[in-house]
């Protein structure tokens, strides 16, 4: 099975960490974030990985090479200029059109969710794409109030009435006709597919998921990995 990782971004909010290294190469407890992703994919049966690279691409290529030492086959598609998430995937169309289904994920995510549930949903439905979605994590602690009395605190709860895009997708090659040559798939391809009833979702509860956008995210992800090291071996 093939998985596509969007690994070409600048990671501006994580400077100075990303001044000399691309965002997916940021170390989490001594290993690049991208290495965790590849190990996670391999665990779930993905033996081919397509890396969509751009900024500081040589750092990724030098570290991962052909993928042999990580137990997968790695192919690289290079963006000569920033194309956005949709354009980056479209840039790999000549490879992806040969696949019956494939997985796409952002290169800044650390998670333990099961991506095979996305493929199962996709293959048994009318959809051309299926999005992983998780309950909205509140960035703030919540007060339990009775009148003016504070009865307790809930630290950063999940707001289960609202669901967010987890940045992991299963797609059929027919979906690529909706993808732009340049632009973000979240603003172009997915809204168009949704309007035509061709986009589905799988709701994940009780999973770990963290997008590494800020230094605080990096700290929280590192703490989780340290406390759950067995899950990330």
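In this note's numbering, the protein residues as written are 863 to 1095.
Idealized CB from N, CA, C, for every residue including glycine.
This one's a predicted model, so the numbers in the text were calculated from it and none came from an experiment.
Helix, strand or coil for residue i per DSSP?
i            : result
residue 990  : coil
residue 964  : strand
residue 1047 : coil
residue 943  : coil
residue 1031 : strand
residue 1011 : Any reading at residue 1011 needs caution, since the residue's pLDDT is 49, under 50, leaving its predicted position unreliable; the model's value is listed next. Strand, per DSSP.
residue 954  : coil
residue 928  : coil
residue 882  : coil
residue 1041 : coil
residue 1053 : helix
residue 903  : helix
residue 981  : helix
residue 1080 : helix
Any idea which residues DSSP pairs residue i with across the strands?
i            : result
residue 1073 : 971
residue 997  : 1025
residue 894  : 889
residue 1062 : 992
residue 910  : 864 and 935
residue 869  : 915
Within this structure, are the beta carbons of residue i and residue j separated by less than 8 Å?
i            : j            : result
residue 866  : residue 974  : no
residue 948  : residue 1062 : no
residue 923  : residue 911  : no
residue 1032 : residue 1041 : no
residue 960  : residue 1025 : no
residue 995  : residue 968  : no
residue 896  : residue 868  : no
residue 946  : residue 917  : no
residue 894  : residue 925  : yes
residue 997  : residue 1090 : no
residue 1088 : residue 940  : no
What does a CB cutoff of less than 7 Å around residue i pick up in its chain, not counting 5 residues either side in sequence?
i            : result
residue 1078 : none
residue 1043 : 949 and 952
residue 921  : 883, 884 and 887
residue 938  : 913, 915 and 923
CB-CB under 6 Å to residue i, same chain, minus the five flanking residues each way: which ones, in chain order?
i            : result
residue 1080 : 1074
residue 971  : 1029 and 1073
residue 1034 : 963 and 990
residue 864  : 910, 961 and 964
residue 1036 : 990
Beta-carbon of residue i versus every beta-carbon of chain C: anything under 8 Å?
i           : result
residue 914 : Protein chains in the displayed structure number just one, and chain C is not present.
For residue i, which residues from the same chain have a beta carbon less than 8 Å from its beta carbon, with the 5 sequence-adjacent residues on both sides left out?
i            : result
residue 935  : 909, 910, 911, 928 and 929
residue 985  : 963
residue 1151 : As displayed, the chain neither begins before 863 nor continues past 1095, which places residue 1151 out of reach and without an answer.
residue 932  : 897, 900, 901, 904 and 926
Under the criterion of a Cβ to heavy atom distance below 7 Å, does residue i qualify as lining the ligand PLP?
i            : result
residue 1045 : With respect to small molecules bound, the structure shown includes none, and the ligand PLP cannot be examined in it.
Is the segment 903-922 in contact with the segment 975-985, if contact means three or more CB pairs nearer than 8 Å? yes
Can we say the segment 1053-1061 touches the segment 953-963, given the rule of at least three CB pairs closer than 8 Å? no
Per the contact definition of three or more C-beta pairs closer than 8 Å, is the segment 985-995 in contact with the segment 1083-1093? Cβ pair count under 8 Å is below three, so no.
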